[in-house]
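Here is the structure we will look at.
In the numbering used here, the protein residues as written are 5 to 482.
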């Protein structure tokens, strides 16, 4: 630094020090500083107050879709209200309810008096919401078989499905080793409209039957599984399947039978060890006799089945046996052979002789003519079930089968406008179109159709008009 510059700096320094020694100058500086501090502090305070106000008035405008619900201070208020509504609905319907709206929260600023009252928020949500309930679907291979309120009910139903088959095994004295549902069943949690939830009993019945169809028959006196199946043109096996909880051998008047063959969605398999008595079949031996026609056979001695005790492992599906393994067999009694005698004599011609014979032995129990306020169009000959019924004369069989109140019936055309009928048979040995000779066994005495006991109802018709059989038996009719 040269001497001139140094001298200039020294002068400025001396002048500055002299100013600070001046009291008036110092007061001006101090006042300026104080004013600056006050202004700065005021600005700072105002800024802080502005931030606080923004925080205190922060709120949310709540909506779902394009529907406004109201303004709340915090989101948790809406969450709490929704939960409260869910609980209220769950109690009302006795099932877990889920509100499925997605709420939108838009930040706004609002004073306390601008906030929506909570009760109004709740009412707005209730008036605009849609909701589902939690249900449990019973599924097999992706197909829903039913929707129930709780998982507990779904599990209970799967156990209930097994119950009839467990009881059936216990009632028959079998040792039940295992019971299972064959299909892979899943219980799946679903959110569905309340209207889709089903009643327990309805789902149980639907799964067991495989249909909602209902058709029943009330058992009447004298009916059996066989006669009921025949009446409705279904097989006895199908009728048994439709009434798996009933004993087909023991039904009483008033019992209600289902006529809908079930096609259950679930298969219940039972594995049981059972002990039972089984018949040992007898053999049949034949002897010849010239006293019978060569198309006739008579039983000389009835056979008697033997007996054996069997222990077997049996697999059933829905109560129907599908497999059996014999574990042990013990013979109790030997069978006795049946002896039949077969005729060797040539039969007579199949054309009518013109004279009717009595169709069977037995007592006359009802004559031709007025009876019980009506008219009896034949005669009744009582005899034991199975007693042979003979053709009253030669001719052609025009009917052989079931004939309503007649039960099993045979009709023979003898020519000359004459026909005979043989009703309430237990068995029929001829078929329509077959030619028969006089004295041929065409059926067996029975108690089928509208009948009050074992007998044959015998009719004689001339040009399809009934005649008194006793006016023709043993007499020349043409």
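Positions of the beta carbon are idealized from the N, C-alpha and C atoms, including for glycine.
Spatial distance of residue i from residue j (CA atoms)
i           : j           : result
residue 233 : residue 403 : 22 Å
residue 305 : residue 289 : 10 Å
residue 384 : residue 427 : 9 Å
residue 333 : residue 279 : 10 Å
residue 468 : residue 481 : 15 Å
residue 181 : residue 175 : 15 Å
residue 303 : residue 343 : 6 Å
residue 356 : residue 419 : 7 Å
residue 466 : residue 472 : 10 Å
residue 372 : residue 362 : 15 Å
residue 119 : residue 201 : 39 Å
residue 301 : residue 285 : 20 Å
residue 121 : residue 137 : 28 Å
residue 57  : residue 108 : Residue confidence is low: residue 57 scores 49 on pLDDT, short of 50, so the model does not pin down where it sits. No coordinate-derived value is stated.
residue 104 : residue 191 : 22 Å
residue 463 : residue 470 : 7 Å
residue 294 : residue 411 : 34 Å
residue 110 : residue 64  : 5 Å
residue 353 : residue 414 : 20 Å
residue 2   : residue 323 : Any answer about residue 2 is impossible in this case: the structure gives the chain only from 5 up to 482.
residue 319 : residue 283 : 21 Å
residue 179 : residue 325 : 15 Å
residue 407 : residue 240 : 19 Å
residue 437 : residue 400 : 6 Å
residue 81  : residue 126 : 10 Å
residue 369 : residue 208 : 53 Å
residue 210 : residue 216 : 6 Å
residue 262 : residue 249 : 11 Å
residue 429 : residue 375 : 22 Å
residue 168 : residue 206 : 17 Å
residue 71  : residue 86  : 16 Å
residue 416 : residue 396 : 9 Å
residue 66  : residue 83  : 11 Å
residue 75  : residue 91  : 23 Å
residue 312 : residue 336 : 5 Å
residue 422 : residue 442 : 14 Å
Extent of the continuous alpha helix (DSSP H) run through residue i
i           : result
residue 233 : 229-235
residue 158 : 155-175
residue 87  : 79-97
Whole-angstrom C-beta distance between residue j and residue i, which should lie under 8 Å
i           : j           : result
residue 99  : residue 153 : 5 Å
residue 308 : residue 264 : Rounded, the Cβ-Cβ distance is 41 Å, inconsistent with contact.
residue 246 : residue 266 : 6 Å
residue 162 : residue 196 : That belief does not hold up - the Cβ atoms of residue 162 and residue 196 are roughly 20 Å apart, past 8 Å.
residue 461 : residue 390 : No, residue 461 and residue 390 are not in contact; Cβ-Cβ is about 16 Å, not under 8 Å.
residue 135 : residue 102 : 6 Å
residue 440 : residue 449 : Contact doesn't hold; Cβ gap of about 18 Å is too wide.
residue 364 : residue 317 : Wrong, their Cβ atoms sit about 49 Å apart, outside the cutoff.
residue 115 : residue 61  : 6 Å
residue 431 : residue 346 : Their Cβ separation, rounded to whole angstroms, is 18 Å, which puts residue 431 and residue 346 out of contact at 8 Å.
residue 315 : residue 277 : 7 Å
residue 89  : residue 123 : Incorrect: roughly 12 Å between the Cβ atoms, too far for contact.
residue 149 : residue 139 : Incorrect: roughly 13 Å between the Cβ atoms, too far for contact.
Delimiting residues of the beta strand (DSSP E) encompassing residue i
i           : result
residue 207 : It is not in any beta strand (DSSP E) - residue 207 instead sits in the alpha helix (DSSP H) that spans 204-213.
residue 196 : 189-196
residue 392 : 392-394
residue 293 : 288-297
residue 64  : 62-68
residue 424 : 422-429
residue 402 : 399-406
residue 419 : 412-419
residue 223 : First-last for residue 223: undefined, no H or E at that position.
residue 479 : Per DSSP, residue 479 belongs to no beta strand (DSSP E) and is neither H nor E.
residue 389 : From DSSP, residue 389 is part of no beta strand (DSSP E); its letter is neither H nor E.
residue 305 : 301-305
residue 447 : 445-448
residue 524 : Here the chain has residues from 5 to 482 only, and residue 524 is not among them.
residue 75  : 71-76
Quick one: any contact between the region 246-255 and the region 219-233, if contact means 3 or more CB pairs under 8 Å? Enough Cβ pairs lie closer than 8 Å, so yes.
Does the count of Cβ pairs from the region 255-275 and the region 329-343 closer than 8 Å reach three? Not touching, per the Cβ criterion.
Note down, one range per segment and in chain order, each beta strand (DSSP E) of at least 3 residues found wholly within the region 327-375. Counting only runs of 3+ residues, the beta strand (DSSP E) found wholly inside the region 327-375 occupies 342-349, 367-370 and 373-375, in chain order.
Counting only runs that start and end within the region 240-283, where is the alpha helix (DSSP H) found for 4 or more residues in a row? The alpha helix (DSSP H) runs lying completely inside the region 240-283 and spanning 4 residues or more are 240-246, given in chain order.
Mind listing, in chain order, the continuous beta strand (DSSP E) runs of no fewer than 3 residues lying wholly within the region 106-159? With a minimum length of 3 residues, the continuous beta strand (DSSP E) runs that stay inside the region 106-159 are 108-113, 135-144 and 147-152.
Using 8 Å as the cut-off, can you tell me whether the region 470-479 makes contact with the region 446-456, which would need three or more C-beta pairs spanning the two stretches below that distance? A contact between stretches requires three or more CB pairs, one per stretch, nearer than 8 Å, and the region 470-479 fails this requirement with the region 446-456.
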